[in-house]
Amino acid sequence: MATTRTTTTTSMPTWVAQLRSPPAAKSKIPGIPDPVGFSPSSQSGSKKPGKDSRIQPRKPPSVDEMETLKLKKAWEVALAPVKALPMTGIMMYMSGNSLQIFSIMMVFMAFKNPIAGLMATNQAFEKFQSEKNAAQVLQTKLVYVAMQLVALAVGIWKVNSMGLLPTTRSDWLMWEPLRESVDKAITAL
Numbered sequence: 001m002a003t004t005r006t007t008t009t010t011s012m013p014t015w016v017a018q019l020r021s022p023p024a025a026k027s028k029i030p031g032i033p034d035p036v037g038f039s040p041s042s043q044s045g046s047k048k049p050g051k052d053s054r055i056q057p058r059k060p061p062s063v064d065e066m067e068t069l070k071l072k073k074a075w076e077v078a079l080a081p082v083k084a085l086p087m088t089g090i091m092m093y094m095s096g097n098s099l100q101i102f103s104i105m106m107v108f109m110a111f112k113n114p115i116a117g118l119m120a121t122n123q124a125f126e127k128f129q130s131e132k133n134a135a136q137v138l139q140t141k142l143v144y145v146a147m148q149l150v151a152l153a154v155g156i157w158k159v160n161s162m163g164l165l166p167t168t169r170s171d172w173l174m175w176e177p178l179r180e181s182v183d184k185a186i187t188a189l
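The UniProt record's numbering applies: residue 1 is where the sequence shown begins, and numbers increase by one.
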């Protein structure tokens, strides 16, 4: 048996041999005994005698499991814009309604992120798309677009609260016709 071990170590590099059989776990602090009930055999570095010393490789997931996993990840991507909304709303509320550099940057980010997300919808979901789950991925895309529109609505709310949207009659005075006065004034001598 000793001859086979020496032939295997000479035929493969030492790092491969160390990787296949790692050394036993050592205590991090020398001189301190292991706690009561601790058995070093439960560690990954050492095995019980009589058991197979190799770790069994994990079996690859089935096609159905992969489709389910892809769909779960697609839903995570679809709901990500909503998870950022509370922080965006708080930051917009705290920045105030006056025109300052911080509030302008917040409004810019509130519009830039949803618009960029809407334009990159297909790229965000292309890694999850397959022939089997095309209908479910389409649903996640629609939810993603709806969530991006909600995020865009938060930006519109902020612009309106800053008074930058022309929503009152006084904002449109230049298109109002001039009123003719009903009264006539005659100057006296």
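Idealized CB from N, CA, C, for every residue including glycine.
Here the structure is a predicted model, which means the values were calculated and not measured.
Opening and closing residue of the alpha helix (DSSP H) in which Lys83 lies
Val63 to Ser95
When Thr187, Met66 and Ser103 are compared against Val159, the one with the closest alpha-carbon
Here the closest residue by C-alpha is Ser103.
Which of the three DSSP states is assigned to Phe128 in this structure?
Coil at Phe128, not helix or strand.
Given that a residue counts as buried once 16 or more other Cβ atoms are within 10 Å of its Cβ, and exposed if not, what is Thr167?
exposed
For Phe111, tell me which candidate among Pro33, Trp157, Trp15 and Ser11 has the shortest Cα-Cα distance.
Trp157
Is the region 59 to 78 close to the region 132 to 149, with three or more CB pairs under 8 angstroms?
yes
Evaluate Phe108 with the Cβ neighbour count: other Cβ atoms within 10 Å of its Cβ, from every protein chain shown; 16 or more gives buried, anything less gives exposed.
Per the 10 Å Cβ criterion, exposed.
Thinking C-alpha only, which one of Val154, Asp183, Gly96 and Ala116 is nearest Gly89?
Val154
For Leu164, which three-state DSSP category applies?
Coil at Leu164, not helix or strand.
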